[in-house]
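In this note's numbering, the protein residues as written are 15 to 270. Think of the CB as a built atom: it goes at the ideal place given N, C-alpha and C, for glycine as much as any other residue. Working notes for the structure below.
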């Protein structure tokens with residue numbers, strides 16, 4: 015499997031990936047210069063639309079999802095809760111959308127796949143003055159549950175020192191605040207965080223793992239299948255697995 019290519023993973027992604035903390039969404043909306051019903055939102059690297067649908071539920075006048083992968087985009091368009099979300103092909107560096115067309119541009123669990131400078135230049139072009147760009151992730155707080163901590167430790171051992179592209183707790187997030195603050199076209203950088211616990215049936219917990227790209231690419235198909243067999247055996251006696259999610263968001267204001 016190619017790193018960053020979610021083709022073939024979209025069905026598990028849309029079915030088993032969990033949503034983001036609603037409190038973070040509410041806080042982000044509170045930072046906007048206008049109410050949602052009076053402006054447009056664009057979700058870039060939207061995947062299957064998990065976060066995009068949360069934006070639509072918040073009442074934005076128009077919500078556009080931009081996603082380069084046809085499999086992920088197709089799952090999002092076919093979702094029963096898609097509503098009035100408009101889907102289009104595009105990337106973080108080239109959305110194809112008009113200048114100053116949105117008060118909010120987001121990338122949820124996807125900003126680590128985009129060239130930072132190219133992406134930020136594109137988002138500055140899309141945003142209205144005073145609008146916000148927000149990069150957010152939804153990593154599991156594995157240490158909150160001894161079982162999930164044990165599974166993560168087993169994965170680390172199998173990765174043999176290889177770093178994940180981004181778990182939302184590492185990689186780009188380690189320097190993101192400083193890099194955003196250094197840009198001349200954005201100011202008022204705000205960090206938001208929220209946590210929520212989800213009791214996941216075994217099938218859902220395993221399905222979420224099967225939707226992961228970077229671990230699969232690094233371990234290889236055989237190695238990943240062996241890891242998944244180990245996880246399935248380890249949770250065989252657990253009716254549910256409590257996963258605590260830690261939504262982390264960095265919101266930057268477009269200068270006038």
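Please report the Cβ distance between residue i and residue j, rounded to the nearest whole angstrom; I am assuming they are in contact, meaning their Cβ atoms lie under 8 Å.
i, j, result
"residue 206", "residue 42", "6 Å"
"residue 63", "residue 26", "That pair is no contact at about 15 Å."
"residue 218", "residue 256", "With 8 Å as the limit, residue 218 and residue 256 do not qualify as a contact, their Cβ atoms being about 12 Å apart."
"residue 175", "residue 136", "So it is not a contact: roughly 34 Å between Cβ atoms."
"residue 273", "residue 222", "Nothing can be reported for residue 273: it is not among the residues displayed for the chain, which extend from 15 to 270."
Just curious, the beta strand (DSSP E) that residue i is in, first and last residue?
i, result
"residue 147", "141-151"
"residue 261", "254-268"
"residue 52", "Note, residue 52: premise wrong, no beta strand (DSSP E); not H, not E."
"residue 78", "76-80"
"residue 192", "Note, residue 192: premise wrong, no beta strand (DSSP E); alpha helix (DSSP H) at 190-195."
"residue 102", "100-102"
Do residue i and residue j have their C-beta atoms closer together than 9 Å?
i, j, result
"residue 116", "residue 55", "yes"
"residue 161", "residue 229", "no"
"residue 245", "residue 159", "no"
"residue 58", "residue 100", "no"
"residue 152", "residue 34", "yes"
"residue 47", "residue 144", "yes"
"residue 150", "residue 263", "yes"
"residue 125", "residue 138", "no"
"residue 85", "residue 44", "no"
"residue 78", "residue 102", "yes"
"residue 260", "residue 209", "yes"
"residue 10", "residue 269", "For residue 10 there is no data in the structure shown, the boundaries of the chain being 15 and 270."
"residue 104", "residue 80", "yes"
For residue i, which residues of its own chain have a beta-carbon under 8 Å away from its beta-carbon, when the five flanking residues on both sides are left out?
i, result
"residue 51", "73, 74, 75"
"residue 185", "126, 177, 178, 179"
"residue 224", "23, 26, 30, 242"
"residue 39", "68, 69, 72"
Using a Cβ-Cβ cut-off of 6 Å (strictly less than) and excluding sequence neighbours within five positions of residue i, which residues of its own chain qualify?
i, result
"residue 204", "265"
"residue 28", "62, 89"
"residue 182", "151, 153, 262"
"residue 187", "none"
By the DSSP assignment, the alpha helix (DSSP H) with residue i in it spans what residues?
i, result
"residue 34", "Looking at the DSSP string, residue 34 is not in any alpha helix (DSSP H), and its letter there is neither H nor E."
"residue 236", "228-248"
"residue 65", "64-71"
"residue 220", "216-224"
"residue 114", "Premise fails: residue 114 is in no alpha helix (DSSP H) and is neither H nor E."
"residue 89", "84-92"
"residue 173", "160-173"
From the options, pick the residue whose C-alpha is nearest to that of residue i; which is it?
i, options, result
"residue 133", "226, 220, 110", "110"
"residue 67", "263, 254, 89", "89"
"residue 220", "247, 209, 208", "247"
"residue 93", "61, 261, 238, 234", "61"
"residue 49", "37, 69, 223, 171", "69"
"residue 53", "168, 142, 208, 169", "142"
"residue 131", "253, 234, 198, 226", "198"
"residue 252", "188, 65, 215, 36", "215"
"residue 170", "32, 254, 241", "241"
"residue 168", "182, 238, 71", "238"
"residue 108", "154, 140, 65, 236", "140"
Leaving out the 5 sequence neighbours to the left and right, which residues in its chain are closer than 7 Å to residue i when beta-carbon positions are compared?
i, result
"residue 156", "162, 163, 166"
"residue 195", "203"
"residue 37", "208"
"residue 154", "162, 257, 258, 259"
For the ligand MN, any of its heavy atoms closer than 8 Å to the Cβ of residue i?
i, result
"residue 189", "The ligand MN is absent from the structure shown, which contains no ligand whatsoever."
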